[in-house]
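A.B. asks:
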Amino acid sequence: MNGDLKSNRFRTEREADWKTLERLLAKAEGGRASRLTSAELMQIPLLYRSVVSALSVARATSLDASLVAYLEALATRAYFFVYGARAHLGDRLARFFRKDWPAAVRSLWRETLIATAILVFATAAGFTLVSSNPDWYGSILPGAMAQGRDPTATTALLKDALYHDAKGQPLSFFATFLFTHNAGVSILAFALGFAFCAPTALIVADNGLTLGALMALYASRGLLVPLGGWLSIHGTTELFATVIAAGAGFRIGWAVMFPGPLTRLEAARAAGRTAGAAMAGVVVMLVAAGVLEGVGRQTIQLDWARYAIGGAMLTLWLAYFYLPRREA
Amino acid sequence: MTVVPTPQPPAESEARFARRFITPEGADLRLMLGSGGDRAAAFLLDILIIIVTLIAFTLLIGWIVASVGLKDAELWGVAWLLGFFVLRSGYFIAFEAGPRAATPGKRILGLRVAARDGGRLTAEAVFVRNFMREIEVFLPGVFLLAANAAGDPVEGWVVLMGLIWTGGFLLFPMFNRDRLRLGDVVAGTWVVKAPRRSLAADLAAGHSGGDFAFTRDQVSAYGVKELQVLETVLRARDKRTMTAVAERIRGKIGWYKTPDERDEAFLTAYYAALRGRLEHRLLFGHRRRDKFDKA
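The listed protein sequences derive, respectively, from chains A and B.
Be aware that the first sequence starts at 12, since it is given in the numbering used here, and climbs by one per residue.
Be aware that the second sequence starts at 78, since it is given in the numbering used here, and climbs by one per residue.
(1) What does the alpha-carbon distance come out to for the pair Gly204(A) and Gly264(A)?
(2) Have a look at Asp28(A) and Thr247(A) and give me their C-alpha separation to the nearest angstrom.
(3) Report yes if the C-beta distance between Leu36(A) and Phe107(A) is below 8 Å; otherwise report no.
(4) Between Val294(A) and Ile255(A), how many whole angstroms is the CB-CB distance? I'm expecting something under 8 Å.
(5) Using a threshold of 8 Å, state whether the C-beta atoms of Ala186(A) and Glu304(A) are closer than that.
(6) Taking the C-alpha atoms as reference points, what is the distance between Ala177(A) and Gly244(B)?
(7) With distances taken Cα to Cα, identify the nearest neighbour of Ala271(B) among Ala281(B), Phe291(B), Arg184(B).
(8) Just to confirm before moving on: does the CB-CB distance between Gly240(A) and Arg317(A) stay below 8 Å?
(9) Could you tell me whether the Cβ of Gly265(B) comes closer than 8 Å to any Cβ of chain A?
(10) Below 6 Å CB to CB, which residues in the same chain sit around Trp328(A) once its five sequence neighbours on both sides are set aside?
(11) Are Gly25(B) and Ala119(B) closer than 8 Å when you measure CB to CB?
(12) Report the three-state DSSP secondary structure of Arg189(B) (helix, strand or coil).
(13) Does any residue of chain A have a CB that is nearer than 8 Å to the CB of Leu360(B)?
(14) Do Gln312(A) and Tyr174(A) have their CB atoms nearer than 8 Å?
(15) By the three-class DSSP mapping on this structure, what secondary structure does Ala290(A) have?
(16) Can you give the Cα-Cα distance for Gln295(B) and Ala86(A), rounded to whole angstroms?
(17) So what's Ala278(B) in DSSP terms, helix, strand or just coil?
(18) Ignoring anything shorter than 4 residues or poking outside the segment 234-269 of chain A, list the alpha helix (DSSP H) runs there in chain order.
(19) How many Å lie between Ala212(A) and Ser183(A) at the Cα?
(20) Let me make sure I understand the geometry here. Which of Arg177(B), Val301(B), Gly111(B), Ala281(B) has the alpha-carbon closest to that of Arg364(B)?
(21) When burial is assigned at 16 or more other CB atoms within 10 Å of the CB, is Asp279(B) buried or exposed?
(22) By DSSP's criteria, Arg96(B) is part of a beta bridge. Which residues make up the other side?
(23) Name the residue from Ala114(A), Gly307(A), Tyr81(A), Ala71(A) whose alpha carbon lies nearest to the alpha carbon of Ala277(B).
(24) Comparing C-alpha positions only, which one of Pro113(A), Val141(A), Gly149(A), Gly195(A) sits nearest to Arg232(A)?
(25) Under 8 Å, Cβ to Cβ, is there at least one residue of chain A near Pro176(B)?
(26) With which residues is Phe270(B) paired in a DSSP beta bridge?
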């Protein structure tokens with residue numbers, strides 16, 4: 012009737028470009044973006060724009076449903092590559108460590124302070140409770156977590172737990188278990204913030220009670236100073252991480268409860284952005300704590316050295332997060 | 078993918094998940110959100126992959142310990158515990174922060190994670206959306222396990238309350254239009270369909286009428302909707318359907334079948350002619366939706 016359709020000619024003229032884009036995207040999505048030559052990398056945005064315009068034309072002039080669907084899928088894939096393309100990994104990491112992470116933690120200072128207050132208060136409460144009545148110990152620390160460190164244990168055994176739990180090995184199963192457990196607690200404390208903050212506060216308080224109970228037990232045998240060293244070498248980092256995680260959780264819960272002028276959804280997302288950077292940092296801190304606990308504590312047996320390392324780490328974190336700095 | 082389902086004009090159920098999504102170039106990509114079923118299937122696949130990997134990993138560690146002896150058993154125990162921890166908390170994060178923004182399960186279902194505002198998906202957002210799984214999946218799981226262990230009635234009630242509470246987190250995506258789970262809400266993400274489609278052949282290619290000469294009245298019998306149904310039929314290539322459809326069309330347009338006329342050839346020719354006519358009208362601003370449309 013009227014020769015080849017216009018929509019068909021339209022397609023034949025551009026098909027090669029679309030196929031090229033498809034090939035480049037497959038290469039990029041396969042995690043081989045680095046294998047794309049710079050010429051190919053430059054080509055993708057151009058091809059993407061031509062596909063987007065082809066899509067608009069096709070929608071207006073072509074009645075080939077499969078063609079329109081194909082172009083939609085291709086344009087969507089390319090969109091995510093072009094606009095989702097990340098900066099170079101090194102640059103992103105540098106930005107994260109230099110700016111995003113400390114900025115996020117700094118902006119959470121109020122929440123972090125509240126979480127710290129809860130932790131300190133609960134520790135004091137745990138200490139007082141167990142000091143006044145050792146029966147409390149069993150209900151605060153269940154058997155599995157106590158690992159034999161309970162009021163019936165001999166002083167020698169308690170002391171032994173502080174120095175020889177590794178039997179000369181740098182990594183012990185129990186230390187690793189504690190690390191994964193505590194990391195899990197930090198993440199849970201963060202996630203529970205969404206439930207209007209209260210469960211996060213409970214988790215932090217629970218942590219503090221345990222800590223206080225343990226301290227009371229060791230204090231009753233005159234071992235408080237060695238315990239402090241045993242705890243602080245990694246504890247300053249780990250508890251700081253927990254407190255920041257809880258602070259990030261508080262931020263989200265607060266935003267959901269009191270969104271202010273934003274909608275609840277927008278408020279949650281804005282809080283999530285800050286909390287996300289802080290949480291990515293919490294993971295780094297937890298890894299650092301894990302190394303200190305798994306390797307440092309087992310190989311360093313001197314109390315003063317443990318205190319020194321714990322104190323140095325705390326100073327380092329505080330300086331890194333809160334020292335005023337030039338805006339980059 | 079081998080089977081390319083031919084897209085229909087969006088049905089009611091599909092339109093529910095379609096979202097306007099304007100690119101900076103001003104084009105609407107019409108994103109399709111992942112449905113609840115797809116999301117759940119992808120998640121179950123991922124869990125399956127994690128469990129299988131974990132079993133393989135455990136066997137490997139067990140085999141190593143068995144062959145090198147118990148001397149370093151604790152060290153391998155540490156390796157196992159760390160491996161388990163990394164797999165449990167890192168699997169989703171590592172894959173979603175990658176270039177495909179999808180776990181293997183999502184990829185199989187043709188899904189990916191995207192930022193709701195159309196910007197780039199940051200690693201922070203990926204961290205947040207996956208840490209929230211702790212209360213969406215892990216916590217209900219804990220209560221479910223506790224339900225089995227619950228001894229006295231009081232404990233039973235506590236567990237039940239816990240299940241209802243955390244069940245709310247788990248089922249959250251069922252109660253909002255965009256199928257956002259809690260992690261999506263906080264991270265500012267959503268899960269969209271990003272299937273790979275291959276370009277199917279153009280059915281109207283190389284058809285200049287040939288033996289079939291349709292009159293203008295004959296190619297004015299139908300609209301876009303019927304054209305696209307015809308496209309579906311032609312792509313499916315089911316003989317009986319094609320015969321039935323060809324009979325319907327012949328009856329409608331008053332076409333007399335010659336003895337050696339093949340149904341598929343007739344349908345293809347009619348498809349090309351109808352599309353030519355409708356696209357011609359389209360250029361003049363008339364989109365005829367269906368056969369009842371008098372435009």
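No residue lacks a Cβ here, since even glycine has one placed at the ideal position from N, Cα and C.
All values reported here derive from a predicted model rather than from experimental measurement.
C.D. replies: Reading off the structure:
(1) Cα to Cα, the separation comes out at about 5 Å.
(2) Linking Asp28(A) to Thr247(A) through their CA atoms gives a straight-line distance of about 58 Å.
(3) No, the pair does not count as a contact, with Cβ atoms beyond the cut-off.
(4) So it is not a contact: roughly 11 Å between Cβ atoms.
(5) Ala186(A) is a Cβ neighbour of Glu304(A), given a cutoff of 8 Å.
(6) Below a pLDDT of 50, predicted positions are generally treated as unreliable, and Ala177(A), at 48, falls in that range; the measurement from the model is reported next regardless. Roughly 41 Å separates the two Cα atoms.
(7) Ranking Ala281(B), Phe291(B), Arg184(B) by Cα distance to Ala271(B) puts Arg184(B) first.
(8) Against a cut-off of 8 Å, the Cβ pair of Arg317(A) and Gly240(A) comes out as a contact.
(9) Interface criterion met: the Cβ of Gly265(B) is under 8 Å from a Cβ in chain A.
(10) Cβ within range, chain order: Phe251.
(11) The structure shown does not extend to residue 25(B), since chain B is modelled only from 78 to 372, so the question has no answer here.
(12) When DSSP states are grouped into helix, strand and coil, Arg189(B) belongs to the strand group.
(13) Taking Cβ atoms only, chain A reaches closer than 8 Å to Leu360(B), which makes this a yes.
(14) Yes, the Cβ-Cβ distance between Gln312(A) and Tyr174(A) is below 8 Å.
(15) Here the sequence assigns Met to residue 290(A), which means Ala is not the residue at that position. In the displayed model, Met290(A) falls within a helix according to three-state DSSP.
(16) One Cα belongs to Gln295(B), the other to Ala86(A), and the distance between them is close to 36 Å.
(17) Three-state DSSP puts Ala278(B) in coil, outside helix and strand.
(18) Listed in chain order, they are 235-268.
(19) Taking the Cα positions, Ala212(A) is about 30 Å away from Ser183(A).
(20) The shortest Cα separation from Arg364(B) among Arg177(B), Val301(B), Gly111(B), Ala281(B) belongs to Val301(B).
(21) Residue burial is scored here from C-beta neighbours: Asp279(B) has at least 16 other C-beta atoms within 10 angstroms and is therefore classed as buried.
(22) Checking the DSSP bridge columns, you'll see Arg96(B) partnered with Leu108(B).
(23) Per the C-alpha coordinates, the member of Ala114(A), Gly307(A), Tyr81(A), Ala71(A) positioned closest to Ala277(B) is Tyr81(A).
(24) The shortest C-alpha separation from Arg232(A) is found at Val141(A).
(25) Answer yes: the Cβ-Cβ gap between Pro176(B) and chain A drops below 8 Å somewhere.
(26) The identity of residue 270(B) in the sequence shown is Lys, whereas the question assumes Phe. Leu188(B).
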